[in-house]
Structures are given as structure tokens and as C-alpha cells.
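For reference, the structure is listed below as C-alpha cells.
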Amino acid sequence: GAGVSQSPSNKVTEKGKDVELRCDPISGHTALYWYRQSLGQGLEFLIYFQGNSAPDKSGLPSDRFSAERTGGSVSTLTIQRTQQEDSAVYLCASSLGQQSTDTQYFGPGTRLTVL
Amino acid sequence: KQEVTQIPAALSVPEGENLVLNCSFTDSAIYNLQWFRQDPGKGLTSLLLIQSSQREQTSGRLNASLDKSSGRSTLYIAASQPGDSATYLCAVNYGGSQGNLIFGKGTKLSVKP
């Protein structure tokens, strides 16, 4: 079946603009994660959605970052008033949600460049 | 602080060699550990997942081991091929209210023909 998809694949924006990144998880997966991969850094957890529960936002770096997940499926990560340090690859992953047995399946990522 | 470390940061080997990639983690109370492969400009591909109760997992030429008590995992690649060239990432899941993975910075592998 289809894997995790993300759009756009690349996004170039000017400092101060808002951007929206989209993730379509694998159908039937209740858990959805956003990660960020900055140049020279490891992958950094941002936010976690599990079913209809309130999301775990503990990884969001600032209040300019927010995410929502509509209908338990598609998720949107929004970055307001983008800064140059927001430039990174943003990766989305989904899993069945059973935790201990889960494999997280990753999308191809969105490469964000803030000029 | 829960940290995951991978050594070496980069590795170059001739085709056909067997090789070992290392991963260490500071907190041994893990739920599971996962090895991924990342090709340039691409997302992550899951290779192997080891539950906390397991000692190893095998898939084809890949074998991953887990020693929780010492906080270590290794990824063994047998008879390496140029197509194995990629960055290999180790990630630890500590479970609990979060299901997020804590990643190492990866080992960049280059297999020369």
C-alpha cells in the first residue's frame, strides 16, 4: 500500500513568512510524529499525535511552531514568522500506535529553506 | 538526559568487507531500538527493530544486536556492496506517554567498488 507522503517536497520562503507543511500518514496508523533534521544535527522530535488524544508538543522549539491533525489522519505543521534557523528537513512518520511493537514509517520529508 | 551516540561518524570500506556500526545510549530503560537507513535527499527506511526483550534481529545481510545492560547496539553488515552506501541511523524508543524516537547523528557509510 501507499507509504507516508509529504508535501511540498521543497519549500523556499522569505524570513518572516508563514509556512504550512503537510503529512499524509499510512491509512490505519493512529500515531503520527513530526521530526526536524537540521544540517549537522541529528533528527529532533517535534510533536506526537496518538489517536484522538491531546498531542505531545514537548519537542516544539518555540510558540511559532504548531501542528494539527484533522480527523485522525492528515497533519499540518505550521511555522509562523519563519527564521533562518528554521531551515531544515521536516520529516513525518506514522505507526500503528501500539508502541512496543511499532515500526515508525517515515515520509520523504519537506526541505524548508528560509532566505 | 537521554542521549544516543553513534561511532564512527563516517566509514569507508572496500566492497565485500564485513563491517560493524556502533550505537550507545545513556538510559538503558528502553522500549525498543530501531536502525534506519537514509539515502541523500530521501526519508528514512526502517531496517530492523529490536524489542527490549530481544538480543538480536536479522534481515538478510543485516544483523542488529542489543545489550541493554551496557547501553549498546551494533549493526553488522555482511559482504558489503556499493548499494549499501548511505547514512545509518540508530534510534531509541523509551515509550511512556511519548512514542518519539531519540536519534543518534548517524554513521555515513561509503562502500567502494
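As they're listed, the protein sequences go chains A and B.
Per this note's numbering: the first sequence ends with 115, consecutive numbering throughout.
Per this note's numbering: the second sequence ends with 228, consecutive numbering throughout.
Idealized CB from N, CA, C, for every residue including glycine.
Give me the Cα-Cα distance between residue i and residue j, rounded to the nearest whole angstrom.
i	j	result
Lys116(B)	Ser38(A)	20 Å
Leu177(B)	Gln83(A)	41 Å
Glu85(A)	Ala124(B)	24 Å
Ser188(B)	Ser27(A)	31 Å
Thr202(B)	Tyr191(B)	14 Å
Thr85(B)	Phe140(B)	In the structure displayed, chain B extends from 116 to 228; residue 85(B) sits before or after that span and is not available.
Ser225(B)	Glu132(B)	12 Å
Cys138(B)	Ser195(B)	19 Å
Please classify residue i: is it buried, with 16 or more other beta-carbons within 10 angstroms of its beta-carbon, or exposed?
i	result
Pro8(A)	exposed
Val114(A)	buried
Gly42(A)	buried
Asp182(B)	exposed
Pro25(A)	buried
Arg81(A)	exposed
Ile122(B)	exposed
Gln153(B)	buried
Closest to residue i by CA distance: which of the options is it?
i	options	result
Asn52(A)	Ser87(A), Cys23(A) and His29(A)	His29(A)
Pro108(A)	Phe45(A), Arg81(A), Ser66(A) and Arg22(A)	Arg22(A)
Ile145(B)	Glu132(B), Gln166(B) and Gln153(B)	Gln166(B)
Pro228(B)	Ala206(B), Leu216(B) and Asp199(B)	Asp199(B)
Tyr90(A)	Leu96(A), Gly97(A) and Phe106(A)	Phe106(A)
Thr78(A)	Arg36(A), Leu96(A), Gly3(A) and Thr103(A)	Arg36(A)
Arg64(A)	Val4(A), Gly72(A) and Leu46(A)	Leu46(A)
Thr110(A)	Glu20(A), Gly16(A), Phe49(A) and Pro55(A)	Glu20(A)
Could you give the residue range of the beta strand (DSSP E) that holds residue i?
i	result
Thr141(B)	No beta strand (DSSP E) contains Thr141(B), which DSSP labels as neither H nor E.
Tyr33(A)	Ala31 to Gln37
*Where are the beta strand (DSSP E) runs, 3 residues long or more, that stay fully inside the region 121-202 of chain B, in chain order?*
125-129, 134-140, 147-153, 159-166, 171-174, 177-182 and 187-192
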